[in-house]
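Start counting the sequence shown at 1276; every next residue gets the next number (the working numbering).
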Amino acid sequence: MGSNFEDAFLAGCKIVKGDLSYVNLRRQDLRSQELHEVKLVGADLSGCNLEKADLSGADLSQASLERARRRGLICGEPSLPG
């Protein structure tokens, strides 16, 4: 596992083409966040609120999305796992 952002405050953050692979983002409130083309390979997004987040072009390979709220999520390609 990479960095741990589980207790970070990420509201209003905009990340474009960043690499957050293997990062712990468990239970983060990422609703309506712009995360265009972000690399999230193996990231832990369990329990995240991803409602209306824009993950267009993001790489979610092997990412954990268990119990993540995804209503209105904009994901484009590639598709979400599981």
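Note that beta-carbon positions come from the ideal geometry of N, C-alpha and C, so glycine has one too.
task = Could you tell me which residues DSSP pairs with D1329 in its beta bridges?
result = One-based indexing of the sequence shown puts residue 1329 at position 54. According to DSSP, D1329 bridges with E1309 and I1349.
query = Which whole-angstrom value describes the C-beta separation of L1330 and A1343, a residue pair presumed to lie in contact below a C-beta threshold of 8 Å?
reply = Taking the sequence shown and counting its residues from 1, the one referred to as residue 1330 is at position 55. Taking the sequence shown and counting its residues from 1, the one referred to as residue 1343 is at position 68. Contact flag wrong, Cβ pair sits at about 11 Å.
Residue nearest to G1345 in terms of C-alpha spacing, selected from D1334, C1323, L1335 and D1319 = Position 70 of the sequence shown, counted from the first residue, corresponds to residue 1345. Rather than Gly, the amino acid found at residue 1345 in this sequence is Arg. Measuring from the Cα of R1345, the nearest candidate turns out to be C1323.
ask   = Which residues in the same chain as G1317 place their Cβ atom closer than 7 Å to its Cβ, once the five residues preceding and following it in sequence are excluded?
value = Walking along the sequence shown from the start, residue 1317 turns up at place 42. S1296, Y1297, Q1337 and A1338, listed in sequence order.
task = Rank E1281, L1285 and L1310 by C-alpha distance to the C-alpha of G1293 and give the top, closest one.
result = For the purposes of this step, residue 1293 is taken as residue 18 along the sequence shown, with counting starting at 1. Of the candidates E1281, L1285 and L1310, the one whose C-alpha sits nearest the C-alpha of G1293 is L1310.
task = Take A1328 as the anchor and find which of D1319, E1341 and G1351 has the nearest alpha-carbon.
result = For this step, residue 1328 is matched to residue 53 along the sequence shown. Cα-wise, what sits closest to A1328 is G1351.
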